[in-house]
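Heads up, the sequence shown is in this note's numbering, so the first residue is 5 and it goes up one at a time. Inspection log for the structure reproduced underneath, given as structure tokens.
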Amino acid sequence: MNSLQDSDSSIIKALRGKGYKATPQRIAIGQFVLHNHVHPTAQRIYSEVKKVYPTVSLATIYKTVQILKEAGLIQELNLEKDQARFDPNLKPHSHLVCLQCKSINDCTDPMISEIVDRMSNEADFSAGGWNFNIFGICSNCRRKI
5 MNSLQDSDSS IIKALRGKGY KATPQRIAIG QFVLHNHVHP TAQRIYSEVK
55 KVYPTVSLAT IYKTVQILKE AGLIQELNLE KDQARFDPNL KPHSHLVCLQ
105 CKSINDCTDP MISEIVDRMS NEADFSAGGW NFNIFGICSN CRRKI
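Laid out in structure tokens, this is it:
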């Protein structure tokens, strides 16, 4: 089985587990979020899914991402005021956030994990997760300045 079939199965299981029908629209929403690493907003998901399913509603987008989040398939990022983004990467990682174009890129550096581990050990603390975001200007936006 390939990753698309695996993700479809996970999406269907999550929807049915919450008592929802696994409609083609909801599966498309899940596919877009799980296979798109631009950390989309609900509005972006809506714009993209609407191209294929013109009758999809923004309410369906919000409900479906909430179900996917509760099922542990995605995480919600609140990096901007009143603008949630969604991330399918559930492994510990950081984000590079451009203050100009609002792009978000994943950044995985083992040193950050090592620092978190060291700090937790020194404080006799069991960290359940961590969030580290770096805000600045991306190279594309710097070229425009």
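Note that CB positions come from ideal geometry on N, CA and C, so glycine has one too.
Check, Outcome
"What span of residues does the beta strand (DSSP E) with Gly140 cover, start to end?", "Phe136 to Gly140"
"Is there at least one non-hydrogen atom of the ligand FMN closer than 8 Å to the beta-carbon of Glu126?", "Within the structure as shown, the ligand FMN is missing, as the structure has no ligands at all."
"Would you grab the beta carbon distance between Asn137 and Asp110 for me? Rounded to a whole angstrom, and I think it's under 8 Å.", "Their Cβ separation, rounded to whole angstroms, is 11 Å, which puts Asn137 and Asp110 out of contact at 8 Å."
"If you draw a straight line from the alpha carbon of Arg147 to that of Asp91, how long is it in whole angstroms?", "27 Å"
"Let me know the secondary structure DSSP gives Cys111 once reduced to three states.", "strand"
"Can you list, in chain order, the residues of its chain with a C-beta nearer than 6 Å to that of Met5? Leave out the 5 residues immediately preceding and following it.", "For Met5, the predicted model reports a pLDDT of 43, less than 50, meaning its position is unreliable and no value from the coordinates is stated."
"Out of Asp10, Asp12 and Gly133, point me to the one whose CA is closest to Gln79's CA.", "Gly133"
"Which one or two residues does DSSP pair with Ser98 in a beta bridge?", "Cys111 and Phe136"
"Look at Cys105 and Asn135 and say whether their C-beta atoms are less than 9 Å apart.", "no"
"Buried or exposed, going by whether 16 or more other CB atoms sit within 10 Å of the CB of Phe36?", "buried"
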